[in-house]
Every structure is written in structure tokens, then in C-alpha cells.
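*Asks:*
2 protein chains.
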Amino acid sequence: MARVALDLLGGDGAPEVVADAAVTLLSEDVDIDLVLGGPPELAAELVTERGLDPVNVTVLPAFDVVPMHAHPLEALRQDVAREVPRISVMVAALAVSSGAVDAWVSVGHTGASVTAAVLACGKVPGMARPALAVVLPAIEGPVVLVDAGAFLDASPEILVSHAIAGWSYARTLGVEAPRVGLLNIGHEPGKGDDLRSLAFGELSTRLPALGIDFVGNIEGSDVADGLRAQVVVTDGFTGNVLLKGIEGTVAWAAQRIGGAYGDLGPARAVVREVATGDFAGGMLLGVNGVTVVGHGSGTAHEVRACVRLASRAADRGIIHATQNLFASLIADGRSPMTTGVSP
Amino acid sequence: MARVALDLLGGDGAPEVVADAAVTLLSEDVDIDLVLGGPPELAAELVTERGLDPVNVTVLPAFDVVPMHAHPLEALRQDVAREVPRISVMVAALAVSSGAVDAWVSVGHTGASVTAAVLACGKVPGMARPALAVVLPAIEGPVVLVDAGAFLDASPEILVSHAIAGWSYARTLGVEAPRVGLLNIGHEPGKGDDLRSLAFGELSTRLPALGIDFVGNIEGSDVADGLRAQVVVTDGFTGNVLLKGIEGTVAWAAQRIGGAYGDLGPARAVVREVATGDFAGGMLLGVNGVTVVGHGSGTAHEVRACVRLASRAADRGIIHATQNLFASLIADGRSPMTTGVSP
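Chains as they are written, first to last, in the numbering used here: chain A, 323 to 665; chain B, 323 to 665.
#1: Sort B:Ala384, B:Met390, B:Val345, B:Arg399 by Cα distance to Gly373 (chain B) and report the nearest one.
#2: Do three or more CB pairs link the stretch 412-424 of chain B to the stretch 468-479 of chain B at distances below 8 Å?
#3: Apart from the five residues on each side of it in sequence, which residues of its chain come closer than 6 Å, Cβ to Cβ, to Ala476 (chain A)?
#4: Run through chain B and tell me which residues come within less than 9 Å of Leu504 (chain A), C-beta to C-beta.
#5: So, are the CB atoms of Ile480 (chain A) and Ala450 (chain A) less than 7 Å apart?
#6: Report the residue from B:Ala324, B:Val339, B:Leu348 whose alpha carbon sits nearest the alpha carbon of Leu330 (chain B).
#7: Does any CB atom of chain A fall closer than 7 Å to the CB of Asn539 (chain B)?
#8: Give the straight-line distance between the Cα atoms of Glu350 (chain A) and Ala531 (chain A), rounded to the nearest whole angstrom.
#9: Would you check if the distance between the CB atom of Val502 (chain A) and the CB atom of Phe536 (chain A) is smaller than 7 Å?
#10: Please name the residues in the stretch 459-483 of chain A whose beta-carbon is closer than 9 Å to at least one beta-carbon of chain B, in chain order.
#11: Please work out which residues of its chain come closer than 8 Å, Cβ to Cβ, to Leu651 (chain B), disregarding the five sequence neighbours upstream and downstream, and give them in chain order.
#12: Provide the residue(s) that pair with Lys566 (chain B) in DSSP beta bridges, ordered along the chain.
#13: Any heavy atom of the ligand FMN closer than 6 Å to the Cβ of Ala455 (chain B)?
#14: If distances are taken between C-alpha atoms only, which option among A:Arg638, A:Asp654, A:Thr644 comes closest to Met323 (chain A)?
#15: Which same chain residues end up closer than 7 Å to Val388 (chain A) when comparing Cβ atoms and leaving out the 5 residues on each side of it in sequence?
#16: Compare the Cα-Cα distances from Ala403 (chain B) to each of B:Val612, B:Gly508, B:Ala442 and report the closest residue.
#17: Which residues in chain B sit within 7 Å of Arg578 (chain A), going by Cβ to Cβ distance?
#18: Taking the alpha carbon of Met605 (chain B) as the reference point, which residue from B:Ile579, B:Ser633, B:Glu595 has its own alpha carbon closest?
#19: Tell me which residue opens and which closes the alpha helix (DSSP H) that Arg493 (chain A) is part of.
#20: Figure out for me which residue from B:Glu462, B:Asp386, B:Val554 has the closest Cα to the Cα of Tyr491 (chain B).
#21: Answer with yes or no whether the minimum CB distance from Gly567 (chain B) to chain A is below 7 Å.
#22: Please classify Asp654 (chain A) as buried or exposed, where buried requires at least 16 neighbouring CB atoms within 10 angstroms.
#23: Gly567 (chain A) to Val545 (chain B), Cα distance in whole Å?
#24: Using a C-beta cutoff of 7 Å, does Thr437 (chain A) count as contacting chain B?
#25: In whole angstroms, what separates the C-alpha of Leu631 (chain B) from that of Val593 (chain B)?
#26: Report yes if the C-beta distance between Gly599 (chain A) and Pro464 (chain A) is below 7 Å; otherwise report no.
#27: Shorter than 7 Å from the beta carbon of Pro588 (chain B) to some beta carbon of chain A?
#28: Please decide whether Thr571 (chain B) counts as near chain A, where near means a Cβ-Cβ distance under 7 Å.
#29: Mind checking Asn539 (chain A): buried by the 16 CB within 10 Å criterion, or exposed?
#30: Mind checking if Asp671 (chain B) is an interface residue toward chain A, Cβ cutoff 7 Å exclusive?
#31: Rounded C-beta distance between Ala327 (chain B) and Val357 (chain B)? I'm assuming under 8 Å.
#32: In chain A, what lies closer than 7 Å to Ala365 (chain B) by C-beta?
#33: For Asp329 (chain B), which beta-bridge partners are listed by DSSP?
#34: What does a CB cutoff of less than 8 Å around Leu364 (chain B) pick up in its chain, not counting 5 residues either side in sequence?
#35: When you compare the CB of Ser543 (chain A) with every CB in chain B, is at least one pair closer than 7 Å?
#36: For Phe473 (chain B), which three-state DSSP category applies?
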């Protein structure tokens, strides 16, 4: 049974929406051992209001969020240096790092969550930089988009690193031999800006040497069908714009297509089903602890889905899979960070 | 009645798919005076096969396409230097430049079409660089996305230029006071990479001085609803990925949502309606001639929609609107290219 810490203080609707999700999880998801990260008195009050006895709720005491205009890295560095850290994302991430819980979830500020995870759990050796992976429910099966917005810029080595971590993640999702594609503006080799041209070369050389099928460039339209590739590699700026574009388009389509049937019900049910599947949250790949980052504006259903995603990822051993893969690459001198060493 | 030249040789299904579109246009769109750009004998053969008398079809003689592995700029520069150019996009673009037709359309290689338009028609003085504008049928009305892929990189000045041209285009589409947003990964000022931070500053200063409402950063999810902004400004790489991502998601949604109703018919009708609306093609803003670039993989219905878009744009005087706006900015010393001059 996975123990998952949920940040009570993150997200647009916190703490109410998070508390709604927590109470449902505590009542119905008997396979998850939920722990709340937040002020114990507030947590007790919120669960009591929702009909639960606070005696049955475990709380990781945390009292602060990263202040609105503060730089997350500075604020969290100061917090982790305290004898007892107080910021909820830091407290939750440290609980994973110490082994007190198996995974943690926040629907608060992405930058703060990524930073807390890196500070508390550390980066996976050999991986260039952590990246957010989101699972899109494509027509042909799950598609992993990396990076969905952990960091904005990228280098060819970072994109190789995303590819390897995304491939490993897709395998833990049950895709046997995931094909990797580079998100670009056309299929032909040589398309795109300098980053894409250089990355195309690196991916073409390095991935096949690791037994990973690189299918070359793919376009935005290939992402939703999942036919060409099950792992889509890009920088965090492009990935975030695309992800949110897809979300917006799904909402548009539900209204427009549902309207064509004269009944929005089934269309809305599809949107809800998608929003509360694996798609609910981003999995932070490349840190030594299961970290799920959800939408700040998510509903209680979506927050619950994030916790379930975190729980499944812990059960599936996503972290060990990534760690082992990069460790074997380092042992072979094939880590994406060892640029210039031929595979 | 707008005269529109259609490139017979561009697109994945050329010349057959283009000929299908042409015959429908010639038979049914009596408000468009269609001219075909291609080999006269081939054109005659194709229309005859489709039941039309070639005597009633006007052809701009053209015989070549940009060779597969050639650099479009080089190939088209050589072609325009000939006594009689032979490449179909060049011939069609020159026909606009000379006034022989009012607009031209190609569903061939985007780079070749953009280059031909610039070489034949010239850039609009004061606009930093041409950009492709696509009209998205958002929930709240049309949304203009600029740049959808004419050029990959951008600078703050180029994004200001996109904003002004997109605003002018949205007005010709009937949006009275279009609001402009900068595509980014969050709404707060200061979000995004260096390009977005710098562009935010430039747009914040320059657009209000021109009486254009700049709403700040918008996200991918805002594009499909059209609530925050009716003009979405971005670089061509991001714009192209987003546009294709939206297209793929619409196809995904039709299948998934239509499936939930147990009948794909109405869902497919919505997709068809969208694909054959203003959304069908990209309008090249910033050149002195109406140029529409469509999908290489478009159906005959979509090719026809591109021609109708071009015809409407010519009727609406899109080029003059853009030219006049930039001319007045130059006269006032407020062109986006005059960096450093305070408005």
C-alpha cells in the first residue's frame, strides 16, 4: 500500500479543494495511505467539516507556502536549512526523501514543487535535468510528453536525457517498446531550429545504441494519435504550450461536438474521464522520489487523480527503473551527460 | 469578383486533389474567378477528366516545383531571374504582384510559398518580417494565431510586428477591438523565457500607444476559448506546434467524443466544418499581396476553403489595411522596427 503525502496548501482552491479530494481518498481509496502536508489544526478542522474523524488522519506538519513574489529556489533553500522546515512542498518532498512516504503530490506552483523535489530528493545521477512527463490518452494508447514545463530551455543533451527517462516511464506504464519522437514542425530530418537539428543528430546516434527506437521528427498533430511515437521529446516551453493547448482544445471540442448532438452530457463525461486519468498530473522524472505536480486550477476529482497517479507510480517502481537505467548508462560510459564519448 | 490563382503543383495529393478542388470552385463558386497555375496541357487534361471544358479555364503557365532537396530561396531566386519564371508558386505570386490576379493559394511547401511571396510581392514596409496567421474558431469567436510557422525564431520587435499585423487582420475579420495576448506558460508578467520577458515589455509599451489592447500573457488553454485575447502572438516554431497540436486534438476528440454518443457522424461533421472554414489556411501577413498557404495533406474541400479564404481576404482589403497601418506607424516614428524610439 503506497503512502502518499498531499500538499494541503498548494493550488488555486487550496485548502478547500485539496481537502475535498483528501476526504474522498481517505474514505474510498483503501489502497492508498494518505498523509496530509499542512497545519495540523487546519487539517483537523477541514476533515471534521467533511465528516471524518481527524484521529484517523495523519498530518505532516507544515505551515507556509513559498511567498507570492519570492524566488522559489531562495525561499526553499532557506527553508530546507531550518532545523524543522515549514514550507509544505519542502516538508512533503523531504518525507519522500526520508522514506516516511513513498510519493508526494502538489497542485501548487510548479516551479516551487520542482525545486523542492530537487532539493529534498536530489537528481538521478546521469540524467541531465529533471523534466515533467505528462501521459496523454492518445487514440493508439498512452503517449508520454517530456518536458511539459519543469524547465523552459533545453540543449541536445537534455533532450536525449528526456528521451531516455520518458522511454523508461512509458515502459512502467506498460508500453513494451516505446518509440521516441522529437517534436518538430515537420517530419523530414533537418527541420526546425538549431536546437532541433542538433538534437535530431544526438538522438539518432544515442538512442539506437541503447536499444531505443528513435522515429525522428514528429509534429503536433502526431501527439494526439500516438501512432508514430509513444514518447514525445521537447523543451519545457513548447511542451507546456502544447499541453495546455490540448487541454483547451478538448474543452472546446466537448462544447462544440457535444452541441452537435444536442446533449453535452456524454461529451463532458469524456472530458472528466480524461482529466481524472493518468493525464491528471505531471510526473517529475529525474529526481530520486515520486513527485506528481497537478494543475493549480484542478477540481477535487483531478487532485484525487494526481494522488492515484502518484500511488501507481510508486507501486510500479518508476524511480528505480529510471535510476537503474541511468546507472547502467553511466557504467557503460553512455550517459547523455558524457557528450563527445561515442557510444 | 476576386481573381484567385491556385497552384496546381503543390501539396501531397497534387495535382489530382487540387484539380478536384478547382473543378468544384469553377462549377460552384461563381463569385470567384479562379486561375490555375501549372502546365496548361496537364490543367486541360485534369479538368476534362472531371467533366469541364478546358476552354473555360484560365491557366497561368508554370512547369516546375522547387526541387525536393533544393534550398527554396536559391531555387526561387534563380527562377525569378529568368525571363519567364517556371516554378508554380513563383508564377502565381508574380501574378498577384503584377495585378493579374488579386490573391494566390498554394498547399505546397510552406517555406517555398513564403519565399515566393516575399520575392514577388515584397514585404510591407515597417513590418519586421512576414508571418502566417491562422484563424482558430474559438468558443467566443475567431482567434488569430501569429506566427503559425512562416519563420522559426523571433525577436521582441518581430513579436510586436506580429501583434500589429494580427490585430489588423482580426479587424478585417470583423472583430471590432481585438485584444492581443502573448503566448506563454503562465499569466503572470515575468513568466517564460528571455524572448517572452523582453517581448512582454515591448508589447506593454508599444501596443497601448497605438490604441491596441494588450492583455499580457496567455496560455495554450486560452487559445481555444478566445476569452482573454483574439490575437495570439508567438514565434513560428511554437505557433506551428500548437496549431498542429490543436488539429490533432480535434481529430482525437471527434473519435473519442463521437464514440461516446455511439455515432461518429455529427462529430465528423464538426471536424469537416472547422477544417473548411477560415481555419483552412494560413494567411501570410506582411507581404504586398494576398497569399494563402494551406495544408499539404488537405482534402479537396480544404483546398477549396483556402481559395475561398483568399477571395474573402482580397474582398476585405486585408493587404491595404496592413499597409496603411504600418505606413501610419512609420509616419509617426512608431514602426516596430524603430527600436529605441519612444512612441
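Glycine included, C-beta positions come from ideal geometry on N, C-alpha and C.
*Replies:* By the coordinates alone:
#1: Position 51 of the second sequence, counted from the start, is the residue given in the question as residue 373 (chain B). Gly373 (chain B) has its Cα closest to that of B:Val345, out of B:Ala384, B:Met390, B:Val345, B:Arg399.
#2: no
#3: For the purposes of this step, residue 476 (chain A) is identified with residue 154 of the first sequence, where counting begins at 1. The residues are Asp557.
#4: Here residue 504 (chain A) refers to the residue found at position 182 when the first sequence is read from its first residue. Chain B residues near Leu504 (chain A): none, gap ~11 Å exceeds 9 Å.
#5: Counting from one through the first sequence, the residue named residue 480 (chain A) turns up at place 158. Counting from one through the first sequence, the residue named residue 450 (chain A) turns up at place 128. For Ile480 (chain A) and Ala450 (chain A), yes; Cβs fall inside 7 Å.
#6: Along the second sequence, one-based indexing puts residue 330 (chain B) at 8. The residue with the shortest Cα to Cα distance from Leu330 (chain B) is B:Val339.
#7: Within the second sequence, residue 539 (chain B) is the residue found at index 217, counting from 1. No, Asn539 (chain B) does not count as interfacial toward chain A.
#8: Counting from 1 along the first sequence, the entry for residue 350 (chain A) is found at position 28. Counting from 1 along the first sequence, the entry for residue 531 (chain A) is found at position 209. If you take the alpha carbons of Glu350 (chain A) and Ala531 (chain A), they lie about 46 Å apart.
#9: Within the first sequence, residue 502 (chain A) is the residue found at index 180, counting from 1. Within the first sequence, residue 536 (chain A) is the residue found at index 214, counting from 1. Yes, these two residues count as a Cβ contact at 7 Å.
#10: Pro459, Ala460, Ile461, Gly471, Leu474, Asp475
#11: Here residue 651 (chain B) refers to the residue found at position 329 of the second sequence. Same-chain partners within the cutoff: Gly448, Ile486, Leu532, Ser657, Pro658.
#12: Taking the second sequence and counting its residues from 1, one reaches residue 566 (chain B) at position 244. Note: Lys566 (chain B) sits in no beta bridge, so no partner.
#13: This structure does not include the ligand FMN; it has no bound ligands of any sort.
#14: Translated into the one-based positions of the first sequence, residue 323 (chain A) becomes position 1. Closest option to Met323 (chain A), Cα to Cα, is A:Arg638.
#15: By 1-based counting over the first sequence, the position of residue 388 (chain A) is 66. Hits under 7 Å: Pro394, Ala397, Leu398, Ile409, His431, Ala434.
#16: Along the second sequence, read from residue 1 onward, the residue named residue 403 (chain B) stands at position 81. Checking every option, the nearest Cα to that of Ala403 (chain B) belongs to B:Ala442.
#17: Here residue 578 (chain A) refers to the residue found at position 256 of the first sequence. Chain B residues near Arg578 (chain A): Val592.
#18: As a position in the second sequence, residue 605 (chain B) is number 283, starting the count at 1. Here the closest residue by C-alpha is B:Ser633.
#19: Translated into positions along the first sequence, residue 493 (chain A) becomes position 171. That run of the alpha helix (DSSP H) goes 478-494.
#20: Within the second sequence, the letter at position 169 stands for residue 491 (chain B). Checking every option, the nearest Cα to that of Tyr491 (chain B) belongs to B:Val554.
#21: For the purposes of this step, residue 567 (chain B) is identified with residue 245 of the second sequence, where counting begins at 1. Interface residue, yes.
#22: As a working mapping, residue 654 (chain A) is identified with position 332 in the first sequence. Its Cβ having fewer than 16 others within 10 Å, Asp654 (chain A) is exposed.
#23: Along the first sequence, one-based indexing puts residue 567 (chain A) at 245. Along the second sequence, one-based indexing puts residue 545 (chain B) at 223. About 7 Å.
#24: Against the first sequence, residue 437 (chain A) aligns to sequence position 115. Taking Cβ atoms only, chain B never reaches closer than 7 Å to Thr437 (chain A), which makes this a no.
#25: The residue labelled residue 631 (chain B) in the question sits at position 309 within the second sequence. The residue labelled residue 593 (chain B) in the question sits at position 271 within the second sequence. Their backbone Cα atoms lie some 17 Å apart in a straight line.
#26: In the first sequence, the residue the question calls residue 599 (chain A) occupies position 277. In the first sequence, the residue the question calls residue 464 (chain A) occupies position 142. In this structure, Pro464 (chain A) does not lie closer than 7 Å to Gly599 (chain A) by Cβ.
#27: For the purposes of this step, residue 588 (chain B) is taken as residue 266 along the second sequence, with counting starting at 1. Interface residue, yes.
#28: For the purposes of this step, residue 571 (chain B) is identified with residue 249 of the second sequence, where counting begins at 1. Yes, because at least one Cβ of chain A sits closer than 7 Å to the Cβ of Thr571 (chain B).
#29: As a first step, residue 539 (chain A) must be located in the first sequence, where it is residue number 217. Asn539 (chain A) comes out buried.
#30: One cannot answer for residue 671 (chain B) here, as it falls past the ends of chain B, which runs 323 to 665.
#31: For the purposes of this step, residue 327 (chain B) is taken as residue 5 along the second sequence, with counting starting at 1. For the purposes of this step, residue 357 (chain B) is taken as residue 35 along the second sequence, with counting starting at 1. Indeed, because the Cβ distance is near 5 Å, the residues count as touching under 8 Å.
#32: In the second sequence, residue 365 (chain B) corresponds to position 43, counting from 1. Here the premise fails: no neighbours, minimum Cβ distance about 28 Å.
#33: Counted from its first residue, the second sequence places residue 329 (chain B) at position 7. Per DSSP, B:Gly359.
#34: Taking the first residue of the second sequence as position 1, residue 364 (chain B) is located at position 42. Result list for Leu364 (chain B): Leu330, Pro337, in chain order.
#35: On the first sequence, residue 543 (chain A) is found 221 positions in, with the first residue counted as 1. Yes, Ser543 (chain A) lies at the interface with chain B (some Cβ there is under 7 Å from its Cβ).
#36: Here the question's residue 473 (chain B) lines up with position 151 in the second sequence. Three-state DSSP puts Phe473 (chain B) in coil, outside helix and strand.
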